[in-house]
Amino acid sequence: MRAGHADRDRTLDVLKAAFAEGRLTVQEYEQRHEAVAAAQTYGQLAVLVADLPSGPMTAPSPTVATPVPATFMPVPPPPQARQTNVLAVVSLVAGLVGLSAPAVVTGHIARAEIRRRNMDGDWAAVLGLVIGYLGCAFWTLMILIGLA
């Protein structure tokens with residue numbers, strides 16, 4: 011089967027990576043580079059990288075989206091855990107203890123910080139706000155009933 015420009019480019023990527031890793035000398039790399047330019051079939055390309063860790067595909071595949079073999083792709087960094095906002099936890103605790111006004115104030119401040127700094131703990135801030143507002147409504151109702 012005839013090879014296309016993209017196939018030659020993938021083969022060159024394998025050769026470049028092998029040269030960078032010290033698997034090929036300068037002369038070997040230059041000889042294979044010239045041979046890739048002259049290659050017309052998949053078989054000719056496969057022979058040029060057969061002794062390397064990764065070579066070109068044996069047949070075209072529409073599912074391959076990356077021009078570089080997965081062997082030579084950089085390793086993604088591990089995901090880092092986001093820090094939990096302290097004021098969100100303070101808002102939740104204040105709401106649960108019965109300190110309604112501080113729960114509302116710290117909840118709003120915490121939500122603003124969470125959005126600005128991309129932090130975790132929004133659920134705690136929202137729950138603190140809900141409990142704080144319910145507490146404020148309860149105490150307002152108690153005061154109004156007491157005055158009547």
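In my numbering, the protein residues as written are 11 to 158. Glycine included, each C-beta is placed from N, C-alpha and C at the ideal position.
Asked	Found
Based on the DSSP output, what are the partners of T94 in its beta bridges?	D130
What does DSSP give as the partner residues of R12 in its beta bridges?	T51
Under a Cβ-count criterion, where at least 16 other Cβ atoms within 10 Å of its own Cβ denotes burial, should G131 be classed as buried or exposed?	buried
For E40, which residues from the same chain have a beta carbon less than 6 Å from its beta carbon, with the 5 sequence-adjacent residues on both sides left out?	none
Compare the beta carbon distance of L154 and G105 with 9 Å and say whether it is the shorter of the two.	no
Count the other CB atoms within 10 Å of the CB of G14; is the residue buried (16 or more) or exposed (fewer)?	exposed
Which residue wins for smallest C-alpha separation from W133, given the options G156, L97, W149?	L97
Considering only the alpha carbon of each residue, which of C146, A113, G32 lies closest to L102?	A113
Quick one: Cα of A60 to Cα of P87, how far?	30 Å
Pull up the distance between the alpha-carbon of A27 and that of M129, whole angstroms please.	39 Å
Count the other C-beta atoms from every protein chain shown that fall within 10 angstroms of the C-beta of D17, then say buried if there are 16 or more, exposed otherwise.	buried
Who are the near neighbours of R92 in its chain, counting only those whose CB is closer than 6 Å to its CB and skipping five residues on each side?	M129, D130
For H43 versus L55, is the C-beta spacing smaller than 9 Å?	no
For D61, name the three-state secondary structure that DSSP assigns.	coil
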